[in-house]
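The next block holds one structure in the form of C-alpha cells; read it before the comments.
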Amino acid sequence: MRNKFLPSFVQRKGRITKSQEDNLNFLHKYHVTSHAQILLEKNNFKRIILEIGFGNGENLINLAKENPQNLYIGSEVYMAGIGQVLGAINDNELANIRLVTGDIRLFIEEINESIFDEVLIICPDPWPKLKHHKRRMINSEFLDSIYKVLHSDGHLFMSTDWENYAESIDESIGQNLDFKVLSSSPYENIMLTKFQQRAVEEGRKIYPFSLKKI
Ligand SMILES: C[S@@+](CC[C@H](N)C(=O)[O-])C[C@H]1O[C@@H](n2cnc3c(N)ncnc32)[C@H](O)[C@@H]1O
Numbered sequence: 000m001r002n003k004f005l006p007s008f009v010q011r012k013g014r015i016t017k018s019q020e021d022n023l024n025f026l027h028k029y030h031v032t033s034h035a036q037i038l039l040e041k042n043n044f045k046r047i048i049l050e051i052g053f054g055n056g057e058n059l060i061n062l063a064k065e066n067p068q069n070l071y072i073g074s075e076v077y078m079a080g081i082g083q084v085l086g087a088i089n090d091n092e093l094a095n096i097r098l099v100t101g102d103i104r105l106f107i108e109e110i111n112e113s114i115f116d117e118v119l120i121i122c123p124d125p126w127p128k129l130k131h132h133k134r135r136m137i138n139s140e141f142l143d144s145i146y147k148v149l150h151s152d153g154h155l156f157m158s159t160d161w162e163n164y165a166e167s168i169d170e171s172i173g174q175n176l177d178f179k180v181l182s183s184s185p186y187e188n189i190m191l192t193k194f195q196q197r198a199v200e201e202g203r204k205i206y207p208f209s210l211k212k213i
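The opening position of the sequence shown corresponds to residue 0 in numbering that gives the first Met the number 0, with each subsequent residue numbered one higher.
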C-alpha cells in the first residue's frame with residue numbers, strides 16, 4: 000500500500016535478537032490487517048483498546064495481563080519490539096492481544112465506524128527539529144481520524160516528554176472541539192515505558208493529555 004503520510008517513525012538501527020526474530024514466526028497468530036478481524040472478536044471482550052507505537056510493549060503487556068476482559072490492539076512498526084511482544088504473549092499465555100504492524104494511520108483510514116473504547120499513545124516520536132515537525136503523528140488531522148474510530152464517551156490518552164510537542168498537541172486539541180479535555184486519567188499513573196523512563200532520567204517532564212469523545 001502506498002503511504003500518503005510522511006514517515007512518523009525513525010527506522011531504528013537497533014539490532015533484533017535471535018529470540019525476537021524467532022518469535023516473529025508466530026506473528027500470523029496475532030496479526031490483524033483489517034478492522035473486520037477485530038469486530039469478529041468484539042463480543043468476547045468488554046472493551047477494545049488500541050495502543051499506538053508500543054515500542055518494546057511494556058505497557059501493552061502489563062495492561063493485557065491485568066485486564067483479561069479487554070482486547071488490546073498493539074500497533075508498532077519496529078520489528079524488534081514486535082518480536083519482544085510476541086515473546087511476552089507466549090510467556091504469559093495472553094489471549095487478549097492482537098497486533099497491527101504497518102503505519103497505523105493507514106489502518107485507521109480504512110475504518111468507517113467507531114470500534115475502540117480507548118486509544119493510547121505514549122511518547123510518540125518527538126521529531127524535535129523544526130524542519131521535521133511535519134512528521135509528528137499527532138496533529139489536528141490525526142485527532143479527527145481518531146475521533147471517527149472511538150466510541151462515544153471513548154477515551155484518548157496521549158503523552159509526550161517534549162515540551163514543544165506538548166504545546167503543539169495542545170494547539171491541535173484547541174482546534175478540535177469534539178473532544179472534552181479531562182483533568183486526569185488513570186493512564187497518568189501507569190508503569191514507565193522505556194521512553195518515559197529515559198525522559199525522567201534525563202530530567203524531562205512528561206506531559207499527559209486525556210480526552211473524551213463528546
Ligand atoms: C518514541 S517511541 C515510544 C515507544 C513506547 N511507547 C515508549 O514509550 O517506550 C515511538 C514508537 O512509535 C512507533 N511509531 C511511530 N509512528 C508510527 C506509526 N505511524 N504507526 C505505528 N507505530 C508508529 C515507532 O516505531 C516507535 O517505536
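The beta-carbon is built from N, C-alpha and C at its ideal position, and this holds for glycine as well.
Item checked: Residues near residue 142 in its chain [Cβ-Cβ closer than 6 Å; skip 5 each side] -> 171, 175
Notebook entry, point to check: Is residue 157 helix, strand or coil when you go by DSSP?
Noted result: strand
Item checked: Whole-angstrom distance between residue 80 and residue 95, CA atom to CA atom -> 18 Å
Item checked: In chain order, each alpha helix (DSSP H) run of at least 4 residues that lies wholly inside the stretch 4–28 -> 17–22
Check: CA-CA distance, residue 154 and residue 20?
Finding: 34 Å
Item checked: Where residue 127 sits in the DSSP three-state scheme -> coil
Margin query: At a cut-off of 7 Å, would you count residue 214 as near ligand 1, judging by its Cβ distance to the nearest heavy atom?
Written below: Residue 214 is absent from the model: the chain starts at 0 and stops at 213.
Next item on the list: Quick one: grab the DSSP three-state call for residue 212.
Entry: strand
Check: Counting only runs that start and end within the stretch 162–211, where is the alpha helix (DSSP H) found for 4 or more residues in a row?
Finding: 162–174, 193–200
Next item on the list: Round the Cβ separation of residue 88 and residue 29 to the nearest angstrom and send it over; I've been treating them as touching at under 8 Å.
Entry: 7 Å
Next item on the list: Per DSSP, which residues does residue 74 bridge with? Please list them.
Entry: 51, 99
Check: Which of the three DSSP states, helix, strand or coil, is assigned to residue 81?
Finding: helix
Check: In chain order, what residues of the same chain lie with their CB nearer than 6 Å to the CB of residue 125, ignoring the 5 residues before and after it?
Finding: 161, 164
Item checked: Environment of residue 195 [buried if 16+ CB atoms lie within 10 Å] -> buried
Checklist line | Nearest to residue 46 (by Cα), restricted to the options 116, 74, 8, 3 | finding: 116
Item checked: Three-state secondary structure (DSSP) of residue 39 -> coil
Next item on the list: Please work out which residues of its chain come closer than 6 Å, Cβ to Cβ, to residue 22, disregarding the five sequence neighbours upstream and downstream, and give them in chain order.
Entry: 82, 85, 86
Margin query: To the nearest angstrom, how far is the alpha carbon of residue 41 from that of residue 48?
Written below: 11 Å
Item checked: residue 192 beta carbon near ligand 1 (any heavy atom closer than 7 Å) -> yes
Next item on the list: Quick one: give me the first and last residue of the beta strand (DSSP E) that residue 121 is part of.
Entry: 115–121
Notebook entry, point to check: Any heavy atom of ligand 1 closer than 7 Å to the Cβ of residue 33?
Noted result: no
Checklist line | Three-state secondary structure assigned by DSSP to residue 105 | finding: helix
Note to self: Can you tell me whether residue 151 is helix, strand or coil according to DSSP?
What the structure shows: strand
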